[in-house]
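Counted the way this note's numbering counts, the sequence shown spans residues 8 to 253. All C-beta atoms in this analysis are idealised placements derived from N, C-alpha and C, irrespective of residue type, glycine included. First the structure, in the form of structure tokens, and then the observations on it.
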Amino acid sequence: MGWKELELCPLHDYGCNAQQIRTSSMSFSMRGTIHYNLCQAGKLFWKTLLGFFELTDSMKIAWGITGSGDLLPETITVMKEVVNLDSRPKLYIFLSKAARQVVKWYGLSRELESLSSKIFQEVDANTTEPFYYLPGALQLRKFDFFLICPATANTVAKVVNGIADTLITNSVAQATKANVPTYILPVDQTEGKITTKLPSGQKLELEIRQTDLDNVHGLSSMKSIHILHNPSEIKAIITSTAHQSS
Ligand SMILES: Cc1cc2nc3c(=O)[nH]c(=O)nc-3n(C[C@H](O)[C@H](O)[C@H](O)COP(=O)(O)O)c2cc1C
8 MGWKELELCP
18 LHDYGCNAQQ
28 IRTSSMSFSM
38 RGTIHYNLCQ
48 AGKLFWKTLL
58 GFFELTDSMK
68 IAWGITGSGD
78 LLPETITVMK
88 EVVNLDSRPK
98 LYIFLSKAAR
108 QVVKWYGLSR
118 ELESLSSKIF
128 QEVDANTTEP
138 FYYLPGALQL
148 RKFDFFLICP
158 ATANTVAKVV
168 NGIADTLITN
178 SVAQATKANV
188 PTYILPVDQT
198 EGKITTKLPS
208 GQKLELEIRQ
218 TDLDNVHGLS
228 SMKSIHILHN
238 PSEIKAIITS
248 TAHQSS
């Protein structure tokens, strides 16, 4: 991770010191210290450059991926297109614990890694590996927007009920409190049967549950949340966000 990325660290903006970061998670004690020192050095470096790169910085998207096999290959395809858009957005990819398993089982880990060097794996609702505090960064409006694609029925159910006990659901809670635009693509949103593909490539027909449809309906009325229906809509969001900020 480069200096610029470390500048995004929200713990320092909250006024945390090395000791607090170190003790925020025992298993991260050494990494916390290294992280803190690098962040301090990175901040100094960037301040010395008079913020020039800040002016020319590209769009930053926090992209959450949850543990859904449905629409996962389609999502990766769109991600490939997105990184080549004129606005050259930087993707900060946040994987739920289940997403990591599912991405692996669908044989898409390499492809995902080729799209961004900034991939963060959920450790708990507040921290990731490598060490980072995404919900705080969203709360501090460090990203242009937050996107969850694909979103599992599980994550949608939690969000709609105000639960924030995972990295992605906590990120939604903090982003929406800060009025950061949050786009969510729930996989289970169309009534009736869907055909999904198993990791083997074999097709499987499933029936969408009414409770999942109700949850998507509830989600659509939540402040700062916008429902997407197809991963192909993401490019238009990026283009319009780029126009707004230019
Ligand atoms: C191979 C595989 C594919 C899955 N596909 C889906 C899916 O398409 N939709 C869904 O809602 N859950 C799916 N799941 C189940 C979720 O991963 C599970 O509900 C998990 O708890 C979701 O956690 P998360 O929402 O924090 O990512 C799948 C699980 C596996 C192992």
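- Secondary structure within the segment 56-111: the beta strand (DSSP E) runs of 3 or more consecutive residues, fully enclosed, are 67-72 and 97-102 (chain order).
- For Ile-126, the enclosing beta strand (DSSP E) starts and ends at 126-129.
- Residue pairing from DSSP places Lys-204 in a beta bridge opposite Lys-210.
- Collapsing the DSSP output to three states places His-236 in coil.
- Distance check between Leu-220 and each of Val-194, Asn-237 and Leu-211 places Val-194 closest, using alpha-carbon atoms only.
- Remark: C-beta atoms of Ile-175 and Ser-103 approach each other more closely than 9 angstroms.
- If you draw a straight line from the Cα of Phe-152 to the Cα of Pro-188, it is about 5 angstroms long.
- Between ligand 1 and the CB of Asn-168, the shortest heavy atom gap is not smaller than 8 angstroms.
- Sequence-distant Cβ neighbours of Val-167 in its own chain, meaning closer than 6 angstroms and more than five residues away, are Asn-222, Gly-225 and Leu-226.
- Using a 10 angstroms sphere on the CB of Leu-211, the tally of other CB atoms stays under 16, which defines it as exposed.
- Here Asp-20 has Leu-147 as same chain residues with Cβ atoms under 6 angstroms from its own Cβ, once five neighbours each way along the sequence are excluded.
- Rounded to whole angstroms, the separation of the alpha carbons of Asn-161 and Thr-218 is 11 angstroms.
- Relative to ligand 1, Ile-175 has its C-beta within less than 8 angstroms of a heavy atom.
- Secondary structure at Leu-122: coil, using DSSP grouped into helix, strand and coil.
- Taking the CA atoms as reference points, Thr-183 sits about 16 angstroms from Ala-158.
- Here the alpha carbons of His-250 and Ala-164 stand approximately 33 angstroms from one another.
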